[in-house]
Amino acid sequence: MEPNLIYIFADQWRAEAAGFMNADQVSTPNMDRFASQGACFVNAYSTFPLCSPHRASLLTGKYPFCCGVWTNCKIGLEEIVMLRPQEICISDVLKEHGYHTGYIGKWHLDAPEQNFVREPVSGARDWDAYTPPGERRHGFDYWLSYGTYDVHLDPHYWSDSPEWMRPGKWSVEFETDKALEYLEGREEQGQPFALFVSYNPPHLPYEMVPDRYYDQVKDLEIKWRDNVPEAMRTEEMAVTTRQYFAAVQGIDHEFGRILSFLKDHGLEENTVVVLSADHGDMMGSQGLMGKNVWYHEALHIPLVIRQKGRICPSRQEGVFASPDHMPTLLDLLGLPVPETCQGRSHADGILYGAGGQPQDMFICGYPGGAAGVAKFQKRGFTHKAYGWRGIKTPRYTFIVDNTCEPGGTQTQYLYDHDEDPYELSPRIIDGECREPLILEFRKKLRHYLDLQGDPFLFDESGEIR
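Residue numbers (my numbering): 11 to 475.
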């Protein structure tokens, strides 16, 4: 029988906050053991470090702009942003090839209902959305989810009706409970399964974490990253950082429950298990919180893929982008990759140690900012020409930033992580620069922009016309 798949990812969890990455002060023994048993990608990044765009890219194998999810699915936009029913997702492929499929947790890929009606029957508010049975679920058979709702200690869910389910416990614990119920129900079915579990923590609000996990870190003396400015090294920030670490440690505990189930039920050898995140969190680095910026802490995500007896433990150095998840997993499961997929498969490198792993990837952001977007639109530009785009390699980050007003000057940055690992001293590139390295990055960026039909205003001279 084909291998099963369990894909577990957390929201706003940076790679540094995983014990096996040896960076932040977190204790994650279950994750560490898991990482030692699988292929650990040390250069995995979010192509677009924001919830909805990464999720859409993960599921479709396409770049966010190409699948129409170029910002978060939310209200108040001049167009509806959602994962369209006609997109081919990994879940559609799995369903077509005989898998029973399940999705548990945060979805954040459907258009919020308040885009259409003032008072949705489901009771969804603001960015939240109930996704009814049908094509917008993209082939998932079992469904227990919500759009986006950041009340971690009192979450709600929808299944197959608009009535709320409120379990009254930490979302990660409840979602793990339901994941174990799902796995128990699939044991004797004689059909491969694919289960996606999407945890919302450690996404803010950071304080919404059970006391039993915060108590583990409440006396921790924070060792600040070198790029956290002195002004942010306050006790208030220390508490927030401890809360973030506490949530990760809680996720580790719940992840351990799933691993134990697989071991106890003899499923380790026939199940591909993935542990990852949608993007990171600045957590004070560069004086910033959150994501949607090009810095390492926002882009860098954990990624480990394990199938005991088949995937040998390894450290994978190739650059792994958001669109790469779908083709890699389908290849590992022996299923065809749709022609619509734009990502690159890493399966040969995982299974056979094959060379030629990708060494660059496209990164992008549309940081919003109503004032900046309005200035672009007044000059006749689409707001999608706004924001930043770049190229990421293991050593360098090359960025072109258009967040100035039209008629102004683009800023091009080059970060050398060997020389400046905390990105404190970027080199500002003159538009007339003709160094081979810079020319190559500009060429690669132009390739990715053309591939996607991205209207981003990129002028090598540095001018926004």
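For glycine and all other residues, C-beta sits at the position ideal for the given N, C-alpha and C.
Cβ distance (whole Å) where residue i is taken to contact residue j below 8 Å
i	j	result
glutamate 185	tyrosine 209	6 Å
methionine 292	leucine 298	4 Å
isoleucine 315	valine 282	7 Å
histidine 64	serine 295	Between serine 295 and histidine 64 the Cβ distance is about 19 Å, and since that is not below 8 Å, they are no contact.
threonine 403	aspartate 411	In fact, because the Cβ distance is near 18 Å, the residues do not count as touching under 8 Å.
proline 95	alanine 308	Not really, about 30 Å apart at Cβ, beyond 8 Å.
tyrosine 423	isoleucine 401	No, tyrosine 423 and isoleucine 401 are not in contact; Cβ-Cβ is about 11 Å, not under 8 Å.
asparagine 32	glycine 328	With a Cβ gap of about 20 Å, asparagine 32 and glycine 328 do not count as contacting.
Residue i, buried or exposed, once every other Cβ within 10 Å from all chains shown has been counted against 16
i	result
isoleucine 98	buried
glutamate 123	buried
aspartate 7	The displayed coordinates of the chain run from 11 to 475. Any statement about residue 7 would go beyond what the structure contains.
glutamine 199	exposed
isoleucine 311	buried
aspartate 236	exposed
asparagine 82	buried
isoleucine 90	exposed
methionine 41	buried
histidine 275	exposed
glutamine 22	buried
arginine 475	The predicted model places arginine 475 with a pLDDT of 49, which falls under 50 and marks its position as unreliable; any figure quoted below should be read in that light. Under this definition arginine 475 is an exposed residue.
leucine 193	buried
Min CB distance residue i to chain D below 9 Å
i	result
glutamate 191	Going by chain labels, chain D is absent from the structure shown, which holds only one protein chain.
Limits of the alpha helix (DSSP H) - the one that residue i falls within
i	result
glutamine 259	245 to 274
serine 324	Segment 324 to 326 is the beta strand (DSSP E) holding serine 324; no alpha helix (DSSP H) there.
valine 182	181 to 196
alanine 357	357 to 362
alanine 223	The sequence given here has tyrosine at residue 223, not alanine. 221 to 224 is the span of the alpha helix (DSSP H), which, as asked, contains tyrosine 223.
aspartate 341	335 to 343
First through last residue of the beta strand (DSSP E) which encompasses residue i
i	result
histidine 107	Careful: histidine 107 lies outside any beta strand (DSSP E) and carries neither H nor E.
leucine 154	152 to 156
phenylalanine 476	A question about residue 476 goes unanswered here, because the residues of the chain that appear run from 11 up to 475.
valine 410	406 to 411
phenylalanine 51	49 to 51
Close Cβ partners of residue i (< 6 Å) along its chain, the five nearest in sequence each way excluded
i	result
tyrosine 458	Phe372
histidine 107	Leu345
cysteine 76	Gln462
alanine 20	Tyr209, Ile261 and Ala287
proline 177	Phe184
aspartate 428	Arg405
Contact set for residue i: own chain, Cβ-Cβ below 7 Å, skip 5 residues either direction
i	result
serine 132	Glu123, Tyr140, Trp168 and Pro172
proline 348	Ile98 and Val103
lysine 318	Gln47, Glu278 and Glu279
aspartate 426	Arg405 and Tyr406
Heavy atom of the ligand HEM within 8 Å of residue i beta-carbon
i	result
leucine 459	Only the bare structure without any ligand can be found here, which leaves the ligand HEM out of the picture.
Nonlocal neighbours in the same chain, by C-beta distance under 8 Å from residue i, ignoring five residues either side
i	result
isoleucine 3	Because the chain in this structure spans residues 11 to 475, residue 3 falls outside the shown range and cannot be described.
- [ ] State whether the segment 340 to 357 contacts the segment 28 to 43, with contact taken as three or more CB pairs (one from each stretch) at a distance under 8 Å.
- [x] Counting Cβ pairs under 8 Å, fewer than three are found: no touch.
- [ ] Examine the Cβ distances between the segment 187 to 205 and the segment 102 to 120 and report whether three or more of them are shorter than 8 Å.
- [x] Counting Cβ pairs under 8 Å, three or more are found: they touch.
TODO: Evaluate contact between the segment 264 to 281 and the segment 240 to 248, counting only Cβ atoms and requiring at least three cross-stretch pairs below 8 Å.
DONE: With a cut-off of 8 Å on Cβ pairs, the segment 264 to 281 is not in contact with the segment 240 to 248, counting fewer than three such pairs.
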